[in-house]
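Structure record follows, encoded as structure tokens.
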Amino acid sequence: MAAMSPKRVLILGGGFAGLSCARKLARNRHFEVTLIDRTNHHLFQPLLYQVATASLAAPDIARSLRQVLEKAPNVTVLMDEIEGIDPEGRVATGHSGRRYEWDHLVLATGAETSFFGNDDWEEHAMGLKTLEEARTIRRTVLANLERAELTEDPRERRRLMTVAIVGGGPTGVELSGAFADLVHRSMHREFRHIDTSTLRIILVEGSPRILEAYDEDQSEYARVRLKSLGVEVWTGHRVSRVEHQRLRFSDDSTLEAAAIIWAAGVQASPLTRQLGVEPADRGGRLEPRPDLSLPGHPDVFAVGDLVRMNDIDGRPVPGVAPAAVQMGEHVAKVLKEELRLEGTRFADRKHELRPGFRYLDKGLMAIIGKNHAVVKSGKLRLRGFPAWFAWLFVHILFLIGFRNKLAVLLGWAFAYVRNSPGARIIVNPPTPNPDKPAPSTP
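In terms of numbering that gives the first Met the number 0, the sequence shown opens at residue 0 and continues consecutively.
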């Protein structure tokens with residue numbers, strides 16, 4: 000009998016879900032895996048805000064995909080951006096013009112910042128999904144402080160020293176706390192003409208409270224903690240428009256800010272629209288079958304942030320890193336089980352015999368500046384220093400690569416002892432747009 004050809008598995012996206020699937024199929028001669036990402040690195044997104052707030056350098060939270068998978072001879076890593084998917088023809092087309100055929104497709108392209116259909120807002124606000132976006136935030140805020148040091152116009156100085164963060168979820172809360180620590184504690188002696196303690200950090204949330212996924216007392220703890228750090232928490236403020244250096248709210252009030260950061264929503268990768276599957280929400284996320292395959296396409300799997308679903312026990316699967324890792328591992332498990340059934344009397348029923356995805360809830364965590372955090376995991380509730388310590392331990396554990404773990408640990412230790420984050424170099428500072436002067440008072 001002729002040897003069976005290896006199954007061609009095409010994985011789109013090198014995030015937590017895609018990489019975990021590739022690693023589980025690594026060194027298995029029955030699978031020929033191609034992993035494609037538009038960058039050459041795996042990014043540890045939970046710590047992206049620390050790059051934006053100058054606490055960590057970009058290389059600390061990223062690692063080359065080729066390096067991660069160098070010992071997997073059956074896995075090929077390619078840097079390309081997929082622009083077209085033909086699920087019927089089982090082929091994907093890259094920006095390079097190359098065509099990629101598959102037996103199984105794993106769609107793990109993640110999510111991007113959503114402005115809820117207001118695409119023109121993107122020009123005036125900064126998202127936080129990529130390393131480049133994190134660098135842009137850091138560069139903008141630090142450059143604004145330098146300009147505030149130069150100007151003698153009080154109104155211009157106030158605008159330059161205002162940071163507005165839209166979205167009271169974990170990303171917004173962690174950004175607010177980290178910026179407060181940076182400017183109020185670490186930089187307070189570094190300027191001569193401005194007082195960094197007067198920098199306004201305003202966290203804007205349309206709902207009645209921040210951290211809605213957490214218990215009410217944890218949300219209140221976070222609000223009080225942020226306030227003690229000097230952060231202004233504006234709940235019940237719905238943004239109706241984002242303009243050049245200005246937020247406009249539903250009650251027609253406005254806020255001028257030279258730095259506007261958008262952490263209020265996400266939407267699935269545009270590639271999902273090419274699959275002919277009805278989206279599960281307005282963000283374009285997909286609802287796969289229990290085995291994580293898409294309806295009508297048993298050999299196309301959707302995993303990670305572009306998925307909205309309940310597991311086989313009826314529990315909602317959150318858009319967090321542990322869930323993405325588990326989904327990627329589950330797809331690898333499904334593919335291995337199907338391979339085992341090949342040539343048996345169950346081969347014709349392999350799709351219906353697939354196991355459903357069960358999510359092991361590892362909890363939610365949000366850090367609120369130095370020494371404070373909140374943790375919600377099952378019946379466990381932590382806040383303050385114990386939660387902060389648990390947050391440190393879990394994030395170090397999840398980092399890929401010993402060098403990354405050591406670099407982050409040493410960086411945190413230095414910043415903790417010296418109270419001074421070190422990644423504050425401004426490269427290619429943004430230049431003011433002469434066609435867009437500072438907003439006038441309405």
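Here a beta-carbon is modelled for each residue, glycine too, at the ideal position from N, C-alpha and C.
Item checked: Integer Cβ distance of Glu204 from Trp233, believed to fall under 8 Å -> The beta-carbon distance between Glu204 and Trp233, rounded to whole angstroms, is 7 Å. This is short enough to meet the 8 Å contact definition.
Item checked: Buried or exposed by the 16-neighbour rule on C-beta atoms within 10 Å, applied to Val74 -> Residue environment: Val74 is assigned as buried (16 or more neighbouring CB atoms within 10 Å of its CB, all protein chains considered).
Checklist line | Alpha-carbon spacing of Thr343 relative to Arg353, whole angstroms | finding: Between Thr343 and Arg353, the alpha-carbon positions lie close to 15 Å from each other.
Item checked: N- and C-terminal bounds of the beta strand (DSSP E) containing Arg245 -> Per DSSP, Arg245 belongs to the beta strand (DSSP E) from 245–248.
Item checked: Alpha carbon of Ala133 to alpha carbon of Phe345, nearest angstrom -> Taking the straight line from one Cα to the other gives about 50 Å.
Next item on the list: Could you check if His187 is buried or exposed, using at least 16 other CB atoms within 10 Å of its CB as the buried criterion?
Entry: It is exposed - the Cβ of His187 has fewer than 16 other Cβ atoms within 10 Å.
Note to self: Could you tell me which whole beta strand (DSSP E) segments of length 3 or greater appear in the segment 41–100?
What the structure shows: For the segment 41–100, whole beta strand (DSSP E) runs of length 3 or above, ordered along the chain, are 61–63, 74–78, 81–85, 90–93, 98–100.
Next item on the list: Just the C-alpha distance for Leu228 and Thr139, rounded to the nearest angstrom, thanks.
Entry: Leu228 and Thr139 have their C-alpha atoms spaced approximately 21 Å apart.
Check: Near Ala257, what residues of its chain come up, given a Cβ to Cβ distance below 7 Å and the 5 sequence neighbours on each side ignored?
Finding: These residues qualify, in order along the chain: Asn143, Arg158, Leu159, Thr161, Gln244.
Item checked: Cβ-based burial, Asp36 [other Cβ within 10 Å; buried from 16] -> A residue is called buried when at least 16 other Cβ atoms come within 10 angstroms of its Cβ; Asp36 meets this threshold and is buried.
Check: From Ala16 to Ala91, what does the alpha carbon distance come to, in whole angstroms?
Finding: One C-alpha to the other measures close to 19 Å.
Check: Which runs of the beta strand (DSSP E) fall wholly inside the segment 131–215 and span at least 3 residues, in chain order?
Finding: Counting only unbroken stretches of 3 or more residues, the beta strand (DSSP E) elements lying wholly within the segment 131–215 are 161–165, 199–204, in sequence order.
Notebook entry, point to check: According to DSSP, what are the bridge partners of Gln266?
Noted result: DSSP output for Gln266 lists Glu111 as bridge partner(s).
Checklist line | For Glu337, the nearest candidate out of Ala147, Met308, Pro297, Phe384 (CA to CA) | finding: Checked all of Ala147, Met308, Pro297, Phe384; the closest Cα to Glu337 is Pro297.
Next item on the list: Tell me, please, which residues DSSP counts as bridged to Ala365.
Entry: Paired residues: Val373.
Next item on the list: Decide yes or no for the touch test of the segment 23–31 against the segment 47–58: beta carbon pairs closer than 8 Å, at least 3 of them.
Entry: The segment 23–31, when compared against the segment 47–58, does not touch it at the 8 Å Cβ threshold.
Check: Run through DSSP, which three-state label would Ala257 get?
Finding: The answer is coil: DSSP assigns Ala257 none of H, G, I, E or B.
Next item on the list: Run the CB neighbour count on Pro433, radius 10 Å, all protein chains shown included, and call it buried at 16 or more, exposed below.
Entry: With a pLDDT of only 46 at Pro433, under the threshold of 50, the placement of this residue in the model should not be trusted, and no figure is reported.
Margin query: Taking its Cβ as the centre, do 16 or more other Cβ atoms sit within 10 Å of Ala412, making it buried, or is it exposed?
Written below: Using a 10 angstroms sphere on the CB of Ala412, the tally of other CB atoms stays under 16, which defines it as exposed.
Notebook entry, point to check: Do you know how far the Cα of Ser63 is from the Cα of Thr440?
Noted result: Bear in mind that the predicted position of Thr440 carries a pLDDT of just 43, short of 50, making it unreliable; the figure below should be weighed with that in mind. Cα atoms of Thr440 and Ser63: separation of roughly 48 Å, rounded to the nearest angstrom.
Notebook entry, point to check: Ordered along the chain, which non-local residues of its own chain (more than five positions away) have a Cβ less than 8 Å from that of His371?
Noted result: Answer for His371: Gly176, Arg224, Arg382, Gly383, Phe384, Ala386, Trp387, listed in chain order.
Item checked: Residue interval of the beta strand (DSSP E) (run including Arg348) -> Annotation: Arg348 is outside any beta strand (DSSP E) and is labelled neither H nor E by DSSP.
Next item on the list: Tell me whether the beta-carbon of Ala389 lies closer than 8 Å to the beta-carbon of Val374.
Entry: The answer is yes: Cβ separation under 8 Å.
Notebook entry, point to check: Just the Cα atoms here: how many angstroms apart are Thr197 and Tyr220?
Noted result: Take the alpha-carbon of Thr197 and the one of Tyr220: they are about 23 Å apart.
Item checked: Contacting residues, own chain, Cβ-Cβ under 7 Å from His94 (five flanking each side not counted) -> If we look at His94 and ignore the five residues flanking it on each side, its Cβ neighbours are Asp79, Glu80, Glu82.
Margin query: Would the segment 117–132 count as touching the segment 266–276 if we require 3 or more Cβ pairs under 8 Å?
Written below: Verdict: no, contact absent.
Note to self: Suppose you measure from the CA of Glu453 to the CA of Lys332; what does that come to, to the nearest Å?
What the structure shows: Residue 453 falls outside the range modelled here, since the chain spans only 0 to 441, and no answer is possible.
Margin query: According to DSSP, simplified to helix, strand and coil, what is Glu385?
Written below: One point to set straight first is that residue 385 is Pro, not Glu, in the sequence displayed. In the three-state scheme derived from DSSP, where H, G and I count as helix and E and B as strand, Pro385 is classed as helix.
Next item on the list: State the DSSP-derived secondary structure class of Val302, mapped to helix, strand or coil.
Entry: Coil at Val302, not helix or strand.
Next item on the list: Pull up the distance between the alpha-carbon of Thr271 and that of Leu46, whole angstroms please.
Entry: Answer to the nearest angstrom: the Cα atoms are 26 Å apart.
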